[in-house]
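Read the structure below first, then the notes.
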Amino acid sequence: MISARWALGLLALFPAVSLWISWPRRRLAAWVAAGGCLVLWLLMVPVAEPALRRPWALAGLGSLFACFYATFVVLRNSREYERLDSQLNGRRTNRDKLRQSLDAAQSRSRDIETEQREVLALYGMVKGLSEAMTWEDIRPKIEIAVEQYLRVEEFSIFVSEEGAPDRPKLLVRRKLASSVGASWETLQRYLQEHDLPLTVPHSLRSPEAAVALPIFESQKFMGYFYARLPRGMDAETLLAKAQSFVEEISFAFRRVKLFNEMEQQSQVDGLTGVYRRRVLDDKLLEEVLRAETFKMTFCLMILDIDHFKSLNDEYGHQFGDQVLQKIGEILRESVYETDFVARYGGEEFAILLPRAESAGVLRKAEAVRKAIESAVFELAMQKVQVTVSIGIAHYPRDGKTAAAVIQRADQALYHAKESGRNRVVDIAEVRKLS
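Per this note's numbering, numbering of the sequence shown is gapless, rising by one per residue and ending at 745.
The structure is reproduced here in structure tokens:
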């Protein structure tokens with residue numbers, strides 16, 4: 312009986328132990344097991360032998376008591392577990408918040424570093440552009456500024472010219488060979504076909520993601536900027552930064568243009584529109600050096616207006632200025648872009664023709680003479696005919712230095728005047744006659 316009671320007592324603890332061990336992961340299974348054992352023991356009491364009924368009953372009551380006590384223990388542990396779990400969750404939440412704050416601080420730090428680099432790049436750009444006085448100087452500085460400030464590698468910039476403000480020339484282009492922004496013609500045609508005005512900024516989506524915006528300075532069109540959108544960059548962000556960028560370079564463009572205008576004014580004769588004498592002297596020295604180095608030739612023509620003093624005396628100096636202005640215009644229109652026209656002094660002009668042959672120079676000089684002879688000079692409903700005499704000399708045929716070539720051309724001009732004016736004389740013909 313003792314061994315049976317001990318066995319029943321140990322068996323009575325089984326539901327409670329299983330309940331305690333399984334809590335809280337398998338509560339339902341633990342309660343079912345404990346309840347099943349309890350019911351089994353309670354059912355065994357009536358059918359058991361009289362000697363075993365009391366132990367069975369005690370075992371059942373012990374099992375019930377053990378289950379209640381186990382429930383109390385596990386509930387208390389469960390509350391402690393929930394408290395600890397709540398603390399752990401709170402710490403996890405605080406850790407996540409701290410991590411988010413740290414990530415935000417790191418992100419802000421990176422943004423500040425990026426902004427600082429951009430500000431330094433902008434400062435460097437402004438400083439560099441302020442030192443540029445020519446388009447050759449400004450080109451590399453702009454390339455560096457675009458890469459450092461805008462973080463753009465594919466772009467093009469166009470600059471308007473005084474003579475053709477509607478046809479800007481390409482200043483710089485990077486990696487846009489097959490883009491609509493590769494040339495001004497294709498870009499302008501694209502904007503016109505899509506009804507996009509040239510005077511406002513645009514964020515383009517087709518045929519490629521890009522930004523396009525004009526460059527203005529004091530409401531004057533200075534050029535145009537086009538940039539392909541880099542991968543991962545927002546179009547609105549790039550457009551906003553590009554607007555700040557073009558505002559800065561517009562001042563540099565204006566300064567370069569003013570410098571070029573001042574330099575042009577210092578080199579060009581204000582009345583005739585051709586170069587001054589000192590520019591001709593420098594050009595002659597350069598041409599002599601080039602011809603000597605590459606074994607080439609060039610020609611110098613000196614042109615003098617016939618009886619110019621008499622024209623001034625008879626018709627006045629204003630008419631004389633009109634004659635000089637008109638002849639300067641004719642000379643500019645009569646020569647190639649590679650030729651060089653200058654006012655030699657007073658009523659004299661000089662034309663420098665690189666790589667020119669004797670026969671071609673004679674035809675050119677005769678065409679100039681006839682153009683001036685047939686030009687109409689009017690004064691108070693009166694038409695006045697103006698003629699010129701032209702002397703020609705070649706390098707190195709007629710002189711080995713710039714001074715020698717000028718002297719020979721001047722001698723040829725003297726013979727043209729002595730032989731009746733309104734004619735062309737090559738110094739080589741004079742030497743043959745002498």
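Glycine is no exception: its CB is placed at the ideal position from the N, C-alpha and C atoms.
Note that the structure is predicted; figures quoted are calculated from it, not measured.
Between residue i and residue j, what straight-line distance do the alpha-carbon atoms span, to the nearest angstrom?
i	j	result
Q722	P707	16 Å
Y501	L540	17 Å
L569	W446	12 Å
E689	E625	13 Å
V457	R542	16 Å
E265	E465	Nothing can be reported for residue 265, as the shown portion of the chain is limited to 312 through 745.
L635	R680	14 Å
N400	Q411	16 Å
A661	R643	11 Å
Q530	K408	51 Å
Q718	A676	18 Å
L673	R734	11 Å
M312	L395	For M312, the predicted structure reports a pLDDT of 45, less than 50, and the residue's modelled location is therefore unreliable. A value from the coordinates is still provided. M312 and L395: Cα-Cα distance of roughly 47 Å.
S685	K694	11 Å
R742	F527	60 Å
A546	F532	24 Å
E558	E648	34 Å
L595	I613	13 Å
R666	D650	10 Å
Look up residue i in the DSSP assignment and say whether it is helix, strand or coil.
i	result
L461	helix
A415	helix
R732	coil
R542	coil
M607	coil
S467	strand
A653	strand
V749	No answer is possible for residue 749: the residues shown for the chain start at 312 and end at 745.
G702	strand
A739	helix
D615	strand
S685	helix
R484	strand
A691	coil
M573	helix
H513	strand
K675	helix
Y758	Past the edges of the chain, shown from 312 to 745, lies residue 758, and the structure says nothing about it.
P525	strand
L284	What is shown of the chain runs 312 to 745, which leaves residue 284 out entirely.
G639	helix
V697	coil
E519	coil
Y725	helix
E424	helix
Near residue i, what residues of its chain come up, given a Cβ to Cβ distance below 8 Å and the 5 sequence neighbours on each side ignored?
i	result
F619	G631, V634, G657 and E658
V585	V579, G639, L642, R643, V652, A653, R654 and F660
Q417	none
K728	D615, D617 and S700
M544	R462
Q554	P512 and L524
L487	E465, F466, S467, A493, Y537 and R539
T712	V599
Closer than 7 Å by C-beta to residue i: which residues in its own chain qualify, once you throw out the five before and the five after it? Chain order, please.
i	result
R732	D617, T698 and S700
A521	G492, L515, Y537, A538, R539 and L540
I468	I453, L482, V483, G534 and F536
M444	V567 and F570
L582	D632, L635 and Q636
Comparing the CB of residue i with every heavy atom of the ligand COA, is any distance shorter than 7 Å?
i	result
M533	Ligands in the displayed structure: none, and consequently the ligand COA is not present.
| Would the region 566-583 and the region 483-497 be scored as touching if the rule is three or more Cβ pairs under 8 Å? | no
| query | Is it true that the region 702-719 meets the region 589-606, where meeting means three or more beta-carbon pairs spaced less than 8 Å apart? | reply | yes
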